[in-house]
Amino acid sequence: MKRFIFSIFHCSLIIFASAQVVEPSSPKAYRAAEKKINDLVHTKLEARFDYSKSYLYGKVWLTLKPHFYPTDSLLLDAKGMDIKQIAIVKAGKNIPLKFAYNGMEANIDLDKTYKANESYTVYIDYTAKPDEFQAKGSAAITDAKGLYFINPKGEDKNKPTQIWTQGETEGTSVYVPIIDRPNQKTTQEFFLTVPSKYVTLSNGKLMSQKNNTDGTRTDYWKMELPHAPYLFFIGVGDYAIIKDQYKGKEVSYYVEKEYASVARKIFGNTPEMMAFFSKALGVEYPWIKYSQIVGRDYVSGAMENTTATLHQESAQQDARQLTDENKWENTIAHELFHQWFGDLVTSESWSNLTVNESFANYSEYLWLEYKYGKDAADEHNYTEMGEYLGSKSERKELVRFYYSDKEDMFDAVSYNKGGNILNMLRKHVGDSAFFKALNLYLTTNKFKSAEAHQLRLAFEEITGNDLNWFWNQWYFGSGHPDLDIAYSYDNSKKQAKVIVQQKQEGDKIFRLPVFVDVYNGSNKMRYNVWAQNKVDTFFFPAASKPDLINFDAEKVLLAVTKENKSLDEYLFQYKNAHNYVDRREAVDAAVEKQDDQKAVDILMLALNDPYEGLRQHAIESLDLKKQNVKTLAEPVLANLAQNEKVRKVKAAAIAQLGEYEQAKYNNIYKAAVNDSSYTVSGNALEALFRVDPTRAFTEAKRLAAAPVKYKLAEVTGSILVANGDESGTEIITDYFKSLPFGQEKLDALQSIAFALSKTKSLQNLQKGVEALIEFRDKIPVNYKDQFGPIVPNILQGLQKAKDAAGQKDQSEYLKKIMGDLKPF
Ligand SMILES: [Zn+2]
343 MKRFIFSIFH CSLIIFASAQ VVEPSSPKAY RAAEKKINDL VHTKLEARFD
393 YSKSYLYGKV WLTLKPHFYP TDSLLLDAKG MDIKQIAIVK AGKNIPLKFA
443 YNGMEANIDL DKTYKANESY TVYIDYTAKP DEFQAKGSAA ITDAKGLYFI
493 NPKGEDKNKP TQIWTQGETE GTSVYVPIID RPNQKTTQEF FLTVPSKYVT
543 LSNGKLMSQK NNTDGTRTDY WKMELPHAPY LFFIGVGDYA IIKDQYKGKE
593 VSYYVEKEYA SVARKIFGNT PEMMAFFSKA LGVEYPWIKY SQIVGRDYVS
643 GAMENTTATL HQESAQQDAR QLTDENKWEN TIAHELFHQW FGDLVTSESW
693 SNLTVNESFA NYSEYLWLEY KYGKDAADEH NYTEMGEYLG SKSERKELVR
743 FYYSDKEDMF DAVSYNKGGN ILNMLRKHVG DSAFFKALNL YLTTNKFKSA
793 EAHQLRLAFE EITGNDLNWF WNQWYFGSGH PDLDIAYSYD NSKKQAKVIV
843 QQKQEGDKIF RLPVFVDVYN GSNKMRYNVW AQNKVDTFFF PAASKPDLIN
893 FDAEKVLLAV TKENKSLDEY LFQYKNAHNY VDRREAVDAA VEKQDDQKAV
943 DILMLALNDP YEGLRQHAIE SLDLKKQNVK TLAEPVLANL AQNEKVRKVK
993 AAAIAQLGEY EQAKYNNIYK AAVNDSSYTV SGNALEALFR VDPTRAFTEA
1043 KRLAAAPVKY KLAEVTGSIL VANGDESGTE IITDYFKSLP FGQEKLDALQ
1093 SIAFALSKTK SLQNLQKGVE ALIEFRDKIP VNYKDQFGPI VPNILQGLQK
1143 AKDAAGQKDQ SEYLKKIMGD LKPF
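Heads up: the sequence shown runs through residues 343 to 1166, numbered per our numbering.
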């Protein structure tokens, strides 16, 4: 699964209530892997869907066998169902079995005691009622109803009717009785009867389609290789199916029809990813096909159902947005890599989720490195580490046998930190050993479940080295080193000295293999040292004071570091050390000291850095209030604003150039307003507005005649609003409404709050406020603490603004709405 970490701008209208961290009660229950009494072997399901009630009418045949010890009973997960009958199938006949059902589990008395490897088949006739199960559930399972009917009665004209399922963690058992645990695996046949106008997607291969006389069609999907129940998938809807292939296997993209023409621009790298990952792992893509489908109202990022990945609607980007970048590409890589790490070899329990999610997280690095270069990958790694360090979960172990809710495992430790750890491990053992060990782990454990120890054993087998220390430190231990690194030179001894102190809280001392590069001019010496004490002192021979000592020269350490480097050393580092993070550190050191000419020198170099991400970062970090920076940067920014090829960098340069408020650049802005990128166009319009508001208003009216989105929607709408044109409020409200919950929607809050504060129309205010309340209602449960106070704060700010403006009717309306707000 792909998760998200959101951030939000502070603005005058969005004032946070003091953020209270609510620690969940933490029962110290040991979270073992589920005991295996019976093993699933095969699952055959016949399903029909009732769109009026959001029910699934199911008949399922489960073939099982005792795992080892003989047994006369079977315990199935079956959540919130009506169970009509459970029977054992003998010679084609259903012989009813006794069972006890408590709404969550069915405890079945088998007809006799079965021995290991003696298989049997039970038949269950049932109705799944996911919406009613949800209504009965606690807050924690609000998003765990397994089967989702989206706009089932077609009441919302702006939303397609769809069905999709979400099994992880244990939601599959809401729509099919099963042993819903990650350490079970089963082959599968699904017969899905749906209205003929819809297409279906499920795991495995579409074997046949049969038209029925009642306007329905039955699609038969078959999965010949075993996988875990949480990876089951059913998707139904009105989709365009775009087909690619990889080595003769079907690769397909299910998108809403208006995105058919851009589906390949969004998903088209998938076959190349399959080839790259297959080769890197030495294990061919294991399944019969690979499909990806987009589901409405899917609040997580994406889900790696075997051969049938589900993405949230943010994956559907239009052509202009894709001009900026395909922001979904990392997610596409992430879910694909899960087809090996998660689907082929599956975490035996949620405690060991790292063997799924840390790999999927790291696959984003691997793909970026292969496709776009090491700088892009390192930037990703750096961002991921920052998110982990900024998260609340940094004190948790990667493999965790104690947690209050299994959903808590899907955090910045399992993902971000886990990916960082794999990157360190790769540097420590070397590329060849790293990928050979992954190959051994996959081939040894394929079609089975595994835990972190199996990974360690594979690495030890390949390298011949004991790695318990690494696993104990990073997988079974928590935290990260907090390093203070001091450099000095002793001229009499011709010796450079590096003192490394571990300053993290507590007694834990990390064992860290580290590369150290000592530079004298163009001459570089590399040393391999181990920091493994509270304080380590390293000496390096040097005929004169080194220009730079680069500790952790490969920049892979997962650590907080503090160094006493001078700007001279950072300038040298920027010019001579080759990694993204080397240059990034130099830029960030310079950003802090923009009064210093040496810092400005670093920033000016970085404006033309070979890597686009660093160019953008440098542009956005310029402090143009400093006259020296402003003067030196101006010609560079003007050049980038015109000639930069990468749209997000060009957009950043235009935004900064706009700060100069110089009419001489208006022609640059006027040209860029017509750029295909929403960001370039929006930023150019904003820059133009600062110098020539009349012309910008004319341009905004012209641009608003065609669909506008993202930055362009916000700027166009805001300029219209500022000119008293009510259509601006509508543009911003429509744009805000169209966004699913996610970063863009959070970013757009500022614009909608601005528009609503200015509107003179009560009707437009009402529409906007309704959109805000809908947003509030749809904040996923795990983000409620963080984002819950936003809308009430905006409403309060609006009401004050309306009072001040003497707009009594609007103020009264807002008061009433605030009084009616439902508590969370
Ligand atoms: Zn994932």
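All residues carry an ideal CB built from backbone N, CA and C; glycine is no exception.
Exercise. Is it buried or exposed for Ala993, if we count other Cβ within 10 angstroms and need 16 for buried?
Worked result: Walking along the sequence shown from the start, residue 993 turns up at place 651. Ala993 comes out buried.
Problem set entry | Tyr399: first and last residue of the uninterrupted beta strand (DSSP E) it sits in | Here residue 399 is taken as the residue at index 57 of the sequence shown, counted from 1. It spans Tyr397 to Pro408 - the beta strand (DSSP E) in which Tyr399 sits, taken as one unbroken run.
Problem set entry | Residue range of the beta strand (DSSP E) that includes Ala582 | As a working note, residue 582 is residue 240 in the sequence shown. Start and end: Ala582 to Tyr588.
For this session: Put Met1118 into one of helix, strand or coil per three-state DSSP.
Result: Taking the sequence shown and counting its residues from 1, the one referred to as residue 1118 is at position 776. Before going on, a small fix: residue 1118 reads as Arg here, not Met. The answer is helix: DSSP assigns Arg1118 an H, G or I state.
Exercise. Which whole-angstrom value is the C-beta distance of Ile573 and Trp563, which I expect to be below 8 Å?
Worked result: Translated into positions along the sequence shown, residue 573 becomes position 231. Translated into positions along the sequence shown, residue 563 becomes position 221. Reading the sequence as shown, one finds Leu at residue 573 and not Ile. The pair is not a contact, with the Cβ atoms about 13 Å apart (cut-off 8 Å).
Exercise. What did DSSP end up calling Pro1168 once you bin it into helix, strand or coil?
Worked result: Residue 1168 is absent from the structure shown; the chain starts at 343 and stops at 1166.
Exercise. Among residues of its own chain, excluding the 5 on either side of Tyr922, which ones have a beta-carbon nearer than 6 Å to its beta-carbon?
Worked result: Within the sequence shown, residue 922 is the residue found at index 580, counting from 1. So the list reads Asp717, Asp720 and Glu721, once near-sequence residues are dropped.
For this session: Evaluate Ile1073 with the Cβ neighbour count: other Cβ atoms within 10 Å of its Cβ, from every protein chain shown; 16 or more gives buried, anything less gives exposed.
Result: The residue given as residue 1073 occupies position 731 in the sequence shown. So Ile1073 counts as buried.
Exercise. What first and last residue would you give for the alpha helix (DSSP H) that runs through Trp709?
Worked result: Translated into positions along the sequence shown, residue 709 becomes position 367. Taken as a continuous stretch (DSSP letters only), the alpha helix (DSSP H) holding Trp709 covers Thr696 to Tyr714.
For this session: Compare the C-alpha of Ile576 against each of Trp629, Gln587, Tyr517 and Lys607 and name the closest.
Result: Along the sequence shown, read from residue 1 onward, the residue named residue 576 stands at position 234. That would be Tyr517, whose Cα lies nearest to the Cα of Ile576.
For this session: Please name the residue or residues paired with Val858 in a DSSP beta bridge.
Result: Taking the sequence shown and counting its residues from 1, the one referred to as residue 858 is at position 516. Beta-bridge analysis with DSSP links Val858 to Tyr869 and Phe893.
Exercise. Under 7 Å, do Tyr878 and Val842 count as touching if we go by C-beta distance?
Worked result: Translated into the one-based positions of the sequence shown, residue 878 becomes position 536. Translated into the one-based positions of the sequence shown, residue 842 becomes position 500. For the sequence presented, residue 878 should be read as Asp rather than Tyr. Cβ distance < 7 Å, so Asp878 and Val842 count as in contact.
For this session: Examine ligand 1 and report whether any of its heavy atoms sits within less than 6 Å of the Cβ of Ala702.
Result: Along the sequence shown, one-based indexing puts residue 702 at 360. Ala702 Cβ: within cutoff of ligand 1.
Exercise. Which value, in whole angstroms, describes the spacing of the CA atoms of Phe857 and Ile944?
Worked result: Taking the first residue of the sequence shown as position 1, residue 857 is located at position 515. Taking the first residue of the sequence shown as position 1, residue 944 is located at position 602. Approximately 25 Å between the Cα atoms of the pair.
For this session: Decide if His920 is buried, meaning its Cβ has at least 16 other Cβ atoms within 10 Å, or exposed.
Result: Against the sequence shown, residue 920 aligns to sequence position 578. Exposed: under 16 other Cβ atoms inside 10 Å.
For this session: On a CA-only basis, which of Asn875, Gly590, Phe880 and Leu899 is nearest Ile891? Give me that one, please.
Result: Position 549 of the sequence shown, counting from 1, holds the residue named residue 891. Measuring from the Cα of Ile891, the nearest candidate turns out to be Phe880.
Exercise. Taking just the CA atoms, how far does Lys1051 sit from Pro855?
Worked result: As a position in the sequence shown, residue 855 is number 513, starting the count at 1. As a position in the sequence shown, residue 1051 is number 709, starting the count at 1. Between the alpha carbons of Pro855 and Lys1051 lies a distance of about 48 Å.
Exercise. With C-beta atoms as the reference, is Glu1028 less than 7 Å away from Val1063?
Worked result: Residue 1028 sits at position 686 when you count from the first residue of the sequence shown. Residue 1063 sits at position 721 when you count from the first residue of the sequence shown. No, they are not a contact pair.
For this session: Give the secondary structure of Gly637 by DSSP, where H, G and I count as helix, E and B as strand, and everything else as coil.
Result: Walking along the sequence shown from the start, residue 637 turns up at place 295. Gly637: strand per DSSP, three-state reduction.
Exercise. Taking 6 Å as the cut-off, is the CB of Glu510 close to at least one heavy atom of ligand 1?
Worked result: As a first step, residue 510 must be located in the sequence shown, where it is residue number 168. The answer is no for Glu510.
Exercise. Can you tell which of Val771, Lys778, Lys836 and Ile827 has the C-alpha that lies nearest to the C-alpha of Leu809?
Worked result: Within the sequence shown, residue 809 is the residue found at index 467, counting from 1. Nearest option by C-alpha distance: Val771.
Problem set entry | For Lys1109, the nearest candidate out of Asn1124, Leu1088, Phe1078 and Ala1090 (CA to CA) | Taking the sequence shown and counting its residues from 1, one reaches residue 1109 at position 767. If we check each option's Cα against that of Lys1109, Phe1078 comes out closest.
For this session: Identify which residue in Glu749, Gly643 and Lys1043 has its Cα closest to the Cα of Asp1067.
Result: The sequence position of residue 1067 within the sequence shown is 725, counting from 1. With distances taken between CA atoms, Asp1067 lies nearest to Lys1043 out of Glu749, Gly643 and Lys1043.
For this session: Please report the residue range of the beta strand (DSSP E) in which Thr903 lies.
Result: Walking along the sequence shown from the start, residue 903 turns up at place 561. Element bounds for Thr903: Val902 to Glu905.
Exercise. Would you say Lys395 touches ligand 1, meaning its beta carbon is less than 6 Å from a heavy atom?
Worked result: Mapped onto the sequence shown, residue 395 falls at position 53. It does not: the Cβ of Lys395 is nowhere closer than 6 Å to a heavy atom of ligand 1.
Problem set entry | Closest residue to Asp1119 among Ala885, Gln659, Val597 and Asp639 (Cα-Cα distance) | The residue labelled residue 1119 in the question sits at position 777 within the sequence shown. For the options Ala885, Gln659, Val597 and Asp639, the alpha carbon positioned closest to that of Asp1119 is the one of Asp639.
For this session: Starting from Pro537, follow its DSSP beta bridges and name the residues at the other end.
Result: Position 195 of the sequence shown, counting from 1, holds the residue named residue 537. In DSSP, Pro537 forms a bridge with Thr558.
For this session: Give a single yes or no on whether Met615 has its beta carbon closer than 6 Å to a heavy atom of ligand 1.
Result: One-based indexing of the sequence shown puts residue 615 at position 273. Checking every heavy atom of ligand 1 against the Cβ of Met615, none is found closer than 6 Å.
For this session: Please confirm whether any heavy atom of ligand 1 lies closer than 6 Å to the CB of Glu699.
Result: Indexing the sequence shown from 1 puts residue 699 at position 357. Yes, since a heavy atom of ligand 1 falls inside the 6 Å radius drawn around the Cβ of Glu699.
For this session: With hydrogens ignored, establish whether the beta-carbon of Lys344 is closer than 6 Å to any heavy atom of ligand 1.
Result: In the sequence shown, the residue the question calls residue 344 occupies position 2. Correct: Lys344 has its Cβ closer than 6 Å to ligand 1.
Exercise. Do you know offhand how far Asn703's Cα is from Lys669's?
Worked result: Here the question's residue 703 lines up with position 361 in the sequence shown. Here the question's residue 669 lines up with position 327 in the sequence shown. Note on geometry: alpha-carbon atoms of Asn703 and Lys669 lie some 15 Å from one another.
Problem set entry | Beta bridge counterpart(s) of Leu652 as assigned by DSSP | Translated into positions along the sequence shown, residue 652 becomes position 310. Answer by DSSP bridge pairing, in chain order: Ile635 and Met645.
Exercise. Bridge partners of Asn449, per DSSP?
Worked result: Your numbering for residue 449 matches position 107 in the sequence shown. Per DSSP, Leu417 and Ala442.
Exercise. Less than 7 Å separating the beta-carbons of Met615 and Tyr627?
Worked result: Residue mapping note: residue 615 aligns to position 273 of the sequence shown, counting from 1. Residue mapping note: residue 627 aligns to position 285 of the sequence shown, counting from 1. Contact flag unset, no.
For this session: Count the other CB atoms, across all protein chains shown, that sit within 10 Å of the CB of Ile437; report buried if there are 16 or more and exposed otherwise.
Result: Here residue 437 refers to the residue found at position 95 of the sequence shown. Under the 10 Å beta carbon count, Ile437 is surrounded by fewer than 16 other beta carbons and is classified as exposed.
Exercise. Can you list, in chain order, the residues of its chain whose CB lies under 7 Å from that of Ile1121, leaving out five sequence neighbours each side?
Worked result: As a first step, residue 1121 must be located in the sequence shown, where it is residue number 779. The residues are Phe1083, Phe1129 and Gly1130.
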